[in-house]
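The sequence shown begins at -9 in the working numbering and counts up by one. We treat Cβ as the ideally placed atom computed from N, Cα and C, and that holds for glycine.
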Amino acid sequence: MKVWVFVEGESDRLALEALWKAWKERLREQRHGIAIIPLGSKGAVLKRIGARAAEKIINNNVDLAVGLPDLYPNANFAGTPFNHDNLADLRQIQTSSVRKALRDIYGKRDDDMPSLIERFRASALKHDLEVLLLAAREELRAYLGTSDRLGGWRHPVEEQNQQRAPKHIVKDLFMRYKNCRYRETVDAPSVLRRVADIADLLYDDNHRLQCPVFKELLDWVGAKTGVPAYSPQQSPL
């Protein structure tokens, strides 16, 4: 079984490759794999996810496909077929696009859909990839080279808003502590590579769930493949 994950850009791919390295090795031991495919931009993901995900689902009767664009920004999609105000809207756009491709390109009927669409997961990075850096607070602090206690942002970390999105927070931290610009393709994977167990990112020191949407995706893939992404003993009681 292969899991095809469609993201926006190369920085997303590099960061997730770094975070999922140990998980991918465990998947490989069970003859499974994950391929992270950048499509270029959020608009490209929304335009192409239907055909690309449907192709993977049709070409192999066990493979999985995942849509993983950023949730925000979304203002530039207003008045278009991809208009979305929240995560539910974004998921619906992706799922509808895959259904349409299965029907229009591959001639699948409505009664074929349940068994096909159950192998597609519409998700999102909420609000953007840098939410994972905020969740990996200790690893981010070590990379920034500071002993300051970071964490002056919303909890759960996925609940930031567009005015202070995770990427904006991370950019400010890099200017403050490293006096340099944040480099997506270098710094994000460098921080996430330090995460020993993904559970340490999902839960904070008080066992509060930090990334429920991201966890749902990991749990879905884990259930489908039989290979969990993180250690269950790290979950809260």
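- In this structure THR70 is exposed. Its beta-carbon is surrounded by fewer than 16 other beta-carbon atoms within 10 angstroms.
- A straight-line Cα-Cα distance of about 8 Å links ALA55 and PHE(-4).
- The shortest CA-to-CA distance from GLY(-1) to any of LYS214, VAL(-7), LEU58, PHE110 is the one to LEU58.
- The Cβ-Cβ distance between HIS197 and GLU148 does not fall below 9 Å.
- Measuring C-alpha to C-alpha distances from ALA126 to each of THR175, LEU182, LEU17 identifies LEU182 as the nearest.
- Going by C-alpha positions, LYS214 is about 31 Å away from ALA155.
- Burial state of VAL52 is exposed, judged by a 10 Å Cβ sphere holding fewer than 16 other Cβ atoms.
- For PHE164, the enclosing alpha helix (DSSP H) begins and ends at 156 to 167.
- Within its own chain, the residues whose Cβ lies closer than 7 Å to the Cβ of ALA44, once the five positions on either side in sequence are excluded, are VAL88, ALA91, LEU92, ILE95, TYR96, listed in chain order.
- In this structure, SER86 lies near GLY40, with their beta-carbon atoms less than 9 Å apart.
- The Cβ atoms of ALA114 and LEU80 lie closer than 9 Å to each other.
- Per DSSP, ILE83 has no beta bridge partner at all.
- Its chain contains GLN152 as the residues whose beta carbon lies nearer than 7 Å to that of PRO63, once the 5 sequence neighbours on both sides are disregarded; these appear in chain order.
- For LYS205, the enclosing alpha helix (DSSP H) stretches over residues 202 to 215.
- PHE72 sits close to LEU36, with the two beta carbons spaced by under 9 Å.
- Each residue's CA atom was taken as its position, placing SER180 and ARG166 some 18 Å apart.
- Boundaries of the alpha helix (DSSP H) harbouring LEU106: 103 to 107, taken from the DSSP string.
- ALA189 and ARG111 have their C-alpha atoms spaced approximately 21 Å apart.
- Contact check for VAL217 and GLN20: beta-carbon distance about 6 Å, within the 8 Å limit, so the pair qualifies.
- With contacts defined by Cβ atoms closer than 9 Å, LEU163 and LEU191 do not form a contacting pair.
- Looking at the backbone, the Cα of LEU134 and that of VAL160 are separated by about 10 Å.
- Only buried fits ALA5, as 16 or more other CB atoms lie within 10 angstroms of its CB.
- Pairing LEU77 with VAL203 gives a Cβ-Cβ distance under 9 Å.
- Straight-line measurement puts the Cα of LYS14 at about 25 Å from the Cα of GLN84.
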